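2 protein chains.
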Amino acid sequence: MWTFDSFPAAEMRRELGWAPDQNWLNRVMAGVARLPGCSASNVSAQGLVLTNHHCVVACIQNLSSTDANYLDAGFMSRTRDEERTCPGMYVQVLTAISDVTERIDAATREVSAEAFAPARNGEIARIEGECSTGTQRCEVVTLYQGGRYALYTYRRYDDVRLVFAPEGDMAHFGGDPDNFNFPRYCTDFAFLRLYENGAPAATPNHLSLRFTPLSAGEVTLVAGNPGATSRLRSVSELAFERDVNLPWRLVTLAEARGQFAAYAALGPDQARAASSALQSVENSFKALWGRRAALADPDGFAHVAEREQDLQQRVARNQASQREVGAAWEEIAAAQNVYQDMFYPYQYLEARAGDRSLLFAWARDIVRASAERSRPDGERLPRYTEARIASAAQFVAAERPVEASFEELILSFWLTKMREYLTADHPAVRRVLGNESPEALARRLAQSRLADPAYRRQLWEGGPAAVAASDDPMIVFVRGWDNDARALLRQYEERVEGPVARAQERIARARFRAFGESQYPDATFSPRLSYGRVAGWTEGGRAVPPFTRVSGLYQRATGHAPFALTQRWIDARARINGDTIFNLSTTHDVIGGNSGSPLLDREGRVVGAVFDGNIHSLGGDYFYDGELNRTVTVAATIMRTALAEVYGMDLLLAELEGR
Amino acid sequence: MWTFDSFPAAEMRRELGWAPDQNWLNRVMAGVARLPGCSASNVSAQGLVLTNHHCVVACIQNLSSTDANYLDAGFMSRTRDEERTCPGMYVQVLTAISDVTERIDAATREVSAEAFAPARNGEIARIEGECSTGTQRCEVVTLYQGGRYALYTYRRYDDVRLVFAPEGDMAHFGGDPDNFNFPRYCTDFAFLRLYENGAPAATPNHLSLRFTPLSAGEVTLVAGNPGATSRLRSVSELAFERDVNLPWRLVTLAEARGQFAAYAALGPDQARAASSALQSVENSFKALWGRRAALADPDGFAHVAEREQDLQQRVARNQASQREVGAAWEEIAAAQNVYQDMFYPYQYLEARAGDRSLLFAWARDIVRASAERSRPDGERLPRYTEARIASAAQFVAAERPVEASFEELILSFWLTKMREYLTADHPAVRRVLGNESPEALARRLAQSRLADPAYRRQLWEGGPAAVAASDDPMIVFVRGWDNDARALLRQYEERVEGPVARAQERIARARFRAFGESQYPDATFSPRLSYGRVAGWTEGGRAVPPFTRVSGLYQRATGHAPFALTQRWIDARARINGDTIFNLSTTHDVIGGNSGSPLLDREGRVVGAVFDGNIHSLGGDYFYDGELNRTVTVAATIMRTALAEVYGMDLLLAELEGR
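Below, the structure is given as structure tokens:
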């Protein structure tokens, strides 16, 4: 997970016999892209973008209706006219990286642990504000837990349209049972197109697809945005993760999954309304279950503890480090205890308040933005600074359908769990629920007029006066206890986030003294490169080969979901070469957020789209195990076959082939 | 949790200034009772039994229908004619205890670890078989992890009828949010009656209720059947519990809860069909969540580890112990690793196969009993030995309504989770599912004719030939892979249960050498006594008083479930003295299984029915914390008020008062 500006070419060459040059790196950096939560690549001169189906499932759901269910049928625009805007979707392409460590350090050097987070966030807002303009969006990235701060400049595209998506049953063939497993047979890819001024964007710096098969052992790279890893976090933070946060997240996801699945079973409209939420819950559950297992495994945790002890011994041997680090580890541990005491109120009222409810999220953005816009940029909540507020504005304005019955379910679930974990007698619960039951309150809130985008825009533009005057139930509700939630956020910043960040920075500097930049920083959902090769692994003494082929798909199909083929694939069977490579396994170190990343060959050509890891990759949050951890990719070969032989997408294929 | 035959009267007198004499103990032993999963007391000479509402909720559900929902309305028989048989319910009253340690030791002394469990189980079957006859049922109880074996003889009543139950909303007022919390306001009591030959059983050895209020500090005892504790288990077993079993159980319960709640919300019939399952899932979830938290708490686990280290040091200082114990702790740890490798197959195919499905449970009992009955008693599966098979027969014959749609939900959930945890490619999964999806298979199985009790009895009586000839889908299904399940059970007995039990016995003998019987054995769902007093506790610096009173109920009511009063209680408000004691907190050490236990005063009178513990009691599986762990009881005072002023149950009250 190397950054583009410090790629270890010499080391890669030593390991694999070849490494990209600067020209290659520049070309790839210009051709990769970032979507909300995912990665992608630009693969034609007319703005075509390749990503995963599961990265655009919310878009597909938003564009679907009772009459046209694109999740079931797939979405296939045969002409540009049929391409449809994904509500709220944006794409960012990295254009420059610069170092701003000095500025952040200067702004935070003299402040207390309590004031650290506001001071740092204020300086970040200033730096981002000075740089962002028009379609140029700038973001300060915290690398090495604060050991380095970098300013990433992106070109942002706000008009992104859906071009092609296969049927959901084929994109996630094998469903939850096969998720994170391999052999695998998923057509988990989709195409979007960037638009500018109502026309396809000109993207001369695009990458190109390669449709010839990969070989076992071939050297490849993955370019994309790994979301977050915790490899540099301290043992006390990981113990908190293992003992408090993950268990709570897992049981919450499990119960939500049970409710969402039952809701989806009520009928096709409900299935559509719940589809992306259900898919996300299932995927998160399995991923976090694997993370918990990695931390609960005594060997796994011992590995983490040894890493920390090793660093502590190095610090003890270096006077400068020792002076700087001081009691940093103890400070982090103390902050975990503080966090534990405020954990559930903070989660339920602030961090995960209204979890997954669009109506709640819109209301909070509207209420908070109206208050924040009148404050100095450096003192605002980070989401509403000048450099970032456009995202919130776009989110609030996006035309997304709202299914009131699903909103009611989500809101009721959140409020019920809040009461369960905080108890019915907690003052905050009394404040939030008033005299209502969670169910009755949720029913009332789900009727909010915020489902109407015109009303949301009116409140957004109307500012504090419009918000104060609104009698919409969700606005009234959010307004009623937003100060309680903000107080918790401030308390979290002052007593947990700030002290931990300040201590982490000191440890990070000591780590630099010990190791330099020979390790890459934890993932931060910013563009990174991972090198590796095409390879399977050995499981219980048996070799797992790196490729699956079309013939295997037809063997695995049972006719029952999630192993059911669509009619198109049944019909196409005779036309398809059974040896075509379908999915493949490679040795790259990736993590959630990398979904949709291009897998690249030595020529910088896109040979597939990363969509998953194997089961051993789930401990990747804490450590990378080169023997077993594998990345799973949908091969360009099967994309070509599908577009040509199954879906008849000839024009799209011609564009991809540069014809 | 002392046994009736080794009660530490001297120690109790030293601590509390008073202790019961042998006469008191004999009288109470004859007056307490055991229901499936619960405790109770016999409180009139005509067979009246007091227990918790939540202990009879399955009976209430079974007797309810679309037209008569006793869960909502309560069940109030004003004459004996209106009392109705609880399907499958039985009550046992302890009549004698004797020691059989020598017999078990003789049968197991020379056998290998692998053969240990079958040898022990065979001897237990022989002892129980020799003793059981007619209504006399005998059970060998393993005390001190095998340090002692005792034969408990019970009088069994198979005709048990429901007499009175309040409305569900009042019995579990506060619902899941208040569960394990205090202050509390639940009328969680119910009355059953024992019948013999179609008439109320004569029960001259009954206890009596006392309706005058208790005082703070008053000395009390709890007599009942604590289900299971793990205080003598080794650290490696508890680590397995913390890291493997509990996390899996919790996420499974959470997801089932989500599904059941959504199903119950579909309509009143579904709510009724799911009610006892949902209540049990919610209660189990909260209880196991507390247990997990106790083990995940570093101080809690350190306490457990220190206890083991202390014993290990004592063993190291005593040559006889050292020789006998040998590598017992290492053997237990090794068995945990074996268990981990077979954990999910064993759970999904054997231990929790068909979890909560009546149709599956009936089919398995029918299939297994038909095979087992032709084998020698000592070689049968424990459930089908001569001494125990009557329970299985009664379970299979009981007239319980089956809601096919809920069965389908349960079966589909089990099969889906099996595939998830074992993966779609596991041979056992292929064997169980065949070519069907979990959903389609569950739909087919839910149509089983086993819903008809006449058909079940026909198969039960028809034996192997009838079972082999049946084309019922559930019988065919269970028959198809029962050998796989039995192989897992055998493997578990030989490689986990036996080696652990054999090692535990050796440790137990060393523990006796060190401590004698100064500690009580782990709970085993056999009758025990716990002494203590009426007391609240201190929470976050504030004193929690031991009593709640009727006035508090009316203050807590919001009109919304689970804090809604029924009309009867609203109407009765003016008639009720607001100072009447409702629920109370005492210092007894109890655990699940104790529900329904009589709280007894020095005269041996029943002053309440235990129904819960406070939140600190949830770590009670591993250690008892006298400062914080509290038992929660519904007071006899509120029973009297409810029967007299709310429900007009004058005849029942007269019987209770011996009028």
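Chains as they are written, first to last, in my numbering: chain R, -19 to 639; chain D, -19 to 639. Glycine included, each C-beta is placed from N, C-alpha and C at the ideal position. Computed from a predicted structure; not experimentally measured.
One alpha carbon belongs to V476/R, the other to W309/R, and they sit about 13 Å apart. Taking one beta carbon from each stretch, the stretch 144 to 161 of chain R and the stretch 47 to 56 of chain R have 3 or more pairs nearer than 8 Å; the two touch. P157/D sits in a helix when the DSSP states are folded into three classes.
For I312/D, the number of other beta carbons within 10 angstroms of its own is at least 16, and it is reported as buried. For G238/D, the nearest beta carbon of chain R is closer than 8 Å to its own beta carbon. Secondary structure at M629/D: coil, using DSSP grouped into helix, strand and coil. Under the Cβ criterion of 8 Å, N161/R is counted among the residues facing chain D. Spatial neighbours of A341/R in its own chain (CB-CB distance under 7 Å, excluding positions within 5 residues in sequence) are listed in chain order as G334. Between the C-alpha atoms of A481/R and R491/R there is a straight-line separation of about 15 Å. Listed along chain R is no residue with a C-beta nearer than 7 Å to that of Y132/D; the closest approach is about 37 Å. Looking only at T183/R, L389/R and N159/R, the smallest Cα-Cα distance to A422/R is reached by L389/R.
Using a CB distance cut-off of 8 Å, H406/R does not count as an interface residue toward chain D.
The alpha helix (DSSP H) runs of length 4 or more contained entirely in the stretch 201 to 233 of chain R are, from start to end of the chain, 215 to 220.
At the C-beta level, H568/D and V202/D come within 8 Å of one another. Secondary structure of W(-18)/D (DSSP, three-state): strand. A distance below 8 Å separates the beta carbons of R493/D and S301/D.
At a cut-off of 8 Å between beta-carbon atoms, V231/R makes contact with chain D. Under the Cβ criterion of 8 Å, H152/D is not counted among the residues facing chain R. A check of alpha carbon separations from E635/D across F562/D, S256/D and N22/D identifies N22/D as the nearest.
Going by DSSP, V409/D is part of the alpha helix (DSSP H) stretching over P407 to L413.
Comparing alpha-carbon positions, the option among E262/D, Y124/D, E198/D and V514/D lying closest to S498/D turns out to be Y124/D.
By the criterion of at least three beta-carbon pairs nearer than 8 Å, the stretch 543 to 560 of chain R is not in contact with the stretch 576 to 589 of chain R.
Of all residues in the stretch 157 to 191 of chain R, those with a C-beta nearer than 8 Å to a C-beta of chain D are P157, D158 and N161, reading in chain order. Under the 10 Å beta carbon count, T518/R is surrounded by fewer than 16 other beta carbons and is classified as exposed. For T504/D against A208/D, the beta-carbon gap comes to about 7 Å, under 8 Å, which counts as contact.
Between Y132/R and C118/R, the CB-CB gap stays under 8 Å. Against chain D, the CB of P453/R has no partner CB under 8 Å away; the residue lies outside that interface. Secondary structure note for C166/D: it is in no alpha helix (DSSP H), with a DSSP letter that is neither H nor E. Within chain D, no C-beta atom comes less than 9 Å from the C-beta of S428/R; the nearest is roughly 21 Å away.
L395/R sits in a helix when the DSSP states are folded into three classes. Residue burial annotation: D279/D is exposed, with fewer than 16 other C-beta atoms found within 10 angstroms of its C-beta. Closest in alpha carbon position to I77/R, among S210/R, L226/R, P507/R and G127/R, is P507/R. Of the other Cβ atoms in all chains shown, 16 or more fall within 10 Å of the Cβ of D149/R; this residue is therefore buried. Here the alpha carbons of L395/R and W461/R stand approximately 14 Å from one another. G27/R sits close to T183/R, with the two beta carbons spaced by under 8 Å.
Setting aside the 5 residues that flank it on each side, D79/R is surrounded in the same chain by R128, Y129, A130 and L131, each with a C-beta closer than 8 Å to its C-beta; the list follows chain order.
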